[in-house]
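Chains as they are written, first to last, in this note's numbering: chain A, 1 to 343; chain B, 1001 to 1331.
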């Protein structure tokens, strides 16, 4: 045997790789899933024209007037049908011809319906002969970096790093505990830190592949911008991975069954799925809960990644997020080492 | 056994540093919640001995062996393994002992060889992985995944994992529980081979035949205490006879009451003791060939009709029954 084969850290890490790659599901999660996700996003967001809003009108003249606006498509229907279509969301607005003019029926809490109201009124007034007091023209801007896909890719990256780090660590550790393998390992002279380190090393390696795959696809398929330095982005991914690995470790320190650890995982991750600004900005939550929202590791990770990718902000200007991520690594890891149950 | 050269070398390695006992327990106690699992245990196992802890489930065997292995801390008492203490010498001790635990499940998707290479890497000194595979007779399964092994093969893998560090002292916790008779014999051969190589072995079992077969000395445990200690022959000797006669009677003769009068039976030469358990009478007997005709005669004299009659050589089971009034596998 050569020197490397006699190294316990090497053997433990290789065991982790082997166990991971011999699970057929692992291949799915690491290679297929990011592509499917990105393809789904591609269908949803790629080359989508400006929204055309569906509206209805009770007379043919109104329909013609509405259809003259490029932002609207209009159909003629009676008021009963129109009300039903409004209720089922098939149209956003119904223009009703009344004796004394036109009435618009729409939901004013829906932003699209409010837009439809403005467009519809403009079209109907123009058809009735209103002239613009000021001549106005449009200069359209489609800036990369300001699109939704640009916003959501860093969010999905953070989400992916969180999920794979926590599941990868938590499940494997609880399984080993349940099967009394942990007990057998501590009965041997294995250095305990190396067991945990082997998880971190294998996870970081696997995650580098996942991240490269996913970001590469986002770059090629959508032209998502990378304005900050790539090594700083890499460092951010590393810190995110470490923070969630530590959290995964903490969640699995005491759990004895798979059911228990699954429940705990969901308890920890669910609030972050909702609050951390993966799909929409976390600033939308009320000011009272903002301190909590901003202290979550996923919020910090996603904010920093967005800063790096979209604005090109350097790590130096994001010390708060970096500090939070490091704290989320050090504190759970230290607690885990103290309370870890080996048997 | 096979490959004498490797084993001779192993013996030389293992026996050389011997002085003082391999294992020394003094006044060890351990309670879990309200159960006193180990209740004041004193044991001393010299180097090179194969020592067995025999007892029913729940007797405290596993707790005892895990205290010796440094996996459980005793509430009271001292534990000395290879002259070292767990509190101060744990790292060195882990390098020098080999452990096989009850019900360890190794990762199913690693192969036998990968598993052993991993365990070998934990030890500074040890035997080559190939040698451990050969000793455990797993050559054909070297490249097989652990998930595809039979129960006996998994158990031999556990033994191989305990052996890769070339341990001076080997702990085996119920090594054959749950195995079929053939796999048990196979494992016994392996233990016997290790014993011949001069390793100190401490094993727990609730099979008396296993203890008789493998152990130089046996401690019989019950309720956390050692209730008997000695070589299997010494312990069996305490039953008072080499053989056990078991019989049951039905009183068909109207003059008798169907009740055995034990005193005349005990008066027969060679009959050492008598006990009744659920209608089954047991006599411990020496010189079976002389005693049996007299027992028959005596029972006939008492007007009793035999419905069952058998004899067997006294075993550790009988020792346990005599000491506790219970059978080993009564739960």
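From the three backbone atoms N, C-alpha and C, an ideal C-beta is built for every residue, glycine too.
- Proximal chain A residues relative to residue 1119 of chain B, where beta-carbon distance stays under 8 Å: 188
- Query: Excluding five sequence neighbours on each side, which residues of the same chain lie with their C-beta closer than 7 Å to the C-beta of residue 1153 of chain B?
  - Reply: 1138 and 1141
- Start-to-end residues for the beta strand (DSSP E) that takes in residue 93 of chain A: 93-98
- Item | CB contact below 8 Å: residue 184 of chain A versus chain B | yes
- Query: What is the rounded straight-line gap between the Cα of residue 1290 of chain B and the Cα of residue 1269 of chain B?
  - Reply: 8 Å
- Task: In angstroms with no decimal places, state the Cα-to-Cα distance between residue 1220 of chain B and residue 1055 of chain B.
- Result: 6 Å
- Apply the 10 Å Cβ neighbour rule to residue 160 of chain A and answer buried if 16 or more other Cβ atoms are within range, or exposed otherwise. buried
- Task: Could you tell me whether the Cβ atoms of residue 256 of chain A and residue 177 of chain A are closer together than 8 Å?
- Result: yes
- In this structure, what does DSSP give as the bridge partners for residue 1287 of chain B? Answer by DSSP bridge pairing: none, since residue 1287 of chain B is not bridged.
- Between residue 181 of chain A and chain B, is there a C-beta pair that is closer than 8 Å? yes
- Which residues of chain B have a Cβ atom closer than 8 Å to the Cβ of residue 18 of chain A, listed in chain order? 1109, 1110 and 1114
- Check whether the Cβ of residue 1153 of chain B lies closer than 8 Å to any Cβ atom in chain A. no
- Query: Under a CB-based cut-off of 8 Å, is residue 114 of chain A close to chain B?
  - Reply: no
- Query: Distance, Cα to Cα, residue 152 of chain A vs residue 220 of chain A?
  - Reply: 16 Å
- Message: Please tell me whether residue 341 of chain A has its Cβ less than 8 Å away from any Cβ of chain B.
- Response: no
- CB-CB under 6 Å to residue 303 of chain A, same chain, minus the five flanking residues each way: which ones, in chain order? 321
- Rounded to a whole number of angstroms, what is the C-alpha to C-alpha distance between residue 1297 of chain B and residue 1274 of chain B? 17 Å
- Message: Is it buried or exposed, residue 1174 of chain B, if we count other Cβ atoms within 10 angstroms and call 16 or more buried?
- Response: buried
- Message: Once the 5 residues before and after residue 1063 of chain B are set aside, which same chain residues still bring their CB inside 7 Å of it?
- Response: 1030, 1037, 1038 and 1072
- Alpha carbon to alpha carbon, how far is residue 1061 of chain B from residue 1097 of chain B? 18 Å
- Query: DSSP state of residue 186 of chain A, grouped into three classes?
  - Reply: helix
- Message: Extract the residue ranges of the alpha helix (DSSP H) inside the region 1166-1197 of chain B, only unbroken runs of 4 or more that lie entirely within it.
- Response: 1181-1196
- Message: Can you confirm whether residue 1069 of chain B, when its beta carbon is compared against all beta carbons of chain A, has any partner nearer than 8 Å?
- Response: yes
- Message: So with CB distances below 8 Å, who are the chain B contacts of residue 5 of chain A?
- Response: 1117 and 1121
- Any idea which residues DSSP pairs residue 76 of chain A with across the strands? A:57
- Can you pull the chain B residues whose beta carbon is under 7 Å from the beta carbon of residue 8 of chain A, in chain order? 1121 and 1122
- Query: In the structure shown, what three-state DSSP assignment does residue 104 of chain A receive?
  - Reply: strand
- Query: Does the separation of the CB atoms of residue 73 of chain A and residue 102 of chain A fall below 8 Å?
  - Reply: no
- Task: Could you check which residue in B:1178, B:1184, B:1197 and B:1149 has the C-alpha nearest to that of residue 1169 of chain B?
- Result: B:1197
- For residue 1256 of chain B, which of helix, strand or coil comes out of DSSP? Reliability of the predicted coordinates at residue 1256 of chain B is poor, the pLDDT of 49 falling under 50, and the value obtained from them is presented with this limitation in mind. Looking at residue 1256 of chain B - three-state DSSP - the assignment turns out to be coil, as it is neither helix nor strand.
- Message: With three or more C-beta pairs closer than 8 Å as the rule, is the region 1200-1217 of chain B touching the region 1258-1266 of chain B?
- Response: no
- Query: From residue 1205 of chain B to residue 262 of chain A, what does the alpha carbon distance come to, in whole angstroms?
  - Reply: 37 Å
- Closest residue to residue 343 of chain A among B:1105, B:1091, B:1122 and B:1080 (Cα-Cα distance): B:1105
- Contacts around residue 239 of chain A, its chain only, beta-carbon distance under 6 Å, and the 5 residues preceding and following it disregarded: 325
- Message: Can you tell me whether residue 70 of chain A is helix, strand or coil according to DSSP?
- Response: coil
- Task: Measure the alpha-carbon distance for residue 1110 of chain B versus residue 1147 of chain B and round it to whole angstroms.
- Result: 8 Å
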